[in-house]
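Going by the working numbering, the sequence shown opens with residue 47, and the numbers climb by one from there.
What follows is a set of notes on a single structure, which appears directly below.
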Amino acid sequence: RLGFLPGTLFDKIDPYLRPLYDALHDMLDPDSIPRLMAAGTIEVAPLAYMRGRTLNDAFIILDEAQNTSAEQMKMFLTR
């Protein structure tokens with residue numbers, strides 16, 4: 047049954063982000079990833095939470111971009 051997922055935001059989105067974490071482990075030292083995330087050097091966030099943000103001097107990776115609408119893609123590209 048679908049519906050409310052208990053837990054924090056991280057608990058709710060973590061299952062959907064496993065492919066992204068797998069890619070990070072392929073590119074970086076796996077032991078450094080928790081440290082980089084805790085320091086805010088690497089931030090993982092749902093696309094819906096990007097609205098209104100300004101990201102300067104950043105690399106942004108959009109996973110599963112083929113599933114976005116034209117409006118979502120425009121919002122992503124203007125961050």
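Glycine is no exception: its CB is placed at the ideal position from the N, C-alpha and C atoms.
Excluding five sequence positions before and after Lys58, the CB atoms of its chain that fall closer than 6 Å to its own CB belong to Leu51, given in chain order.
For the options Leu63, Pro80, Ser115, Leu108, the alpha carbon positioned closest to that of Arg125 is the one of Leu108. Shown here, Arg64 sits in a helix according to DSSP, grouped into three states. Considering only Ala104, Asn113, Gly98, Ile79, the residue with the shortest C-alpha distance to Met121 is Gly98. Here Asn102 carries a coil assignment [DSSP, helix/strand/coil]. Annotation for Asp77: no alpha helix (DSSP H) segment contains it, and DSSP assigns it neither H nor E.
Annotation: the continuous alpha helix (DSSP H) that includes Met121 extends over 116–123. Relative to Leu55, the option among Ala69, Met73, Leu66, Val90 whose CA is nearest is Val90.
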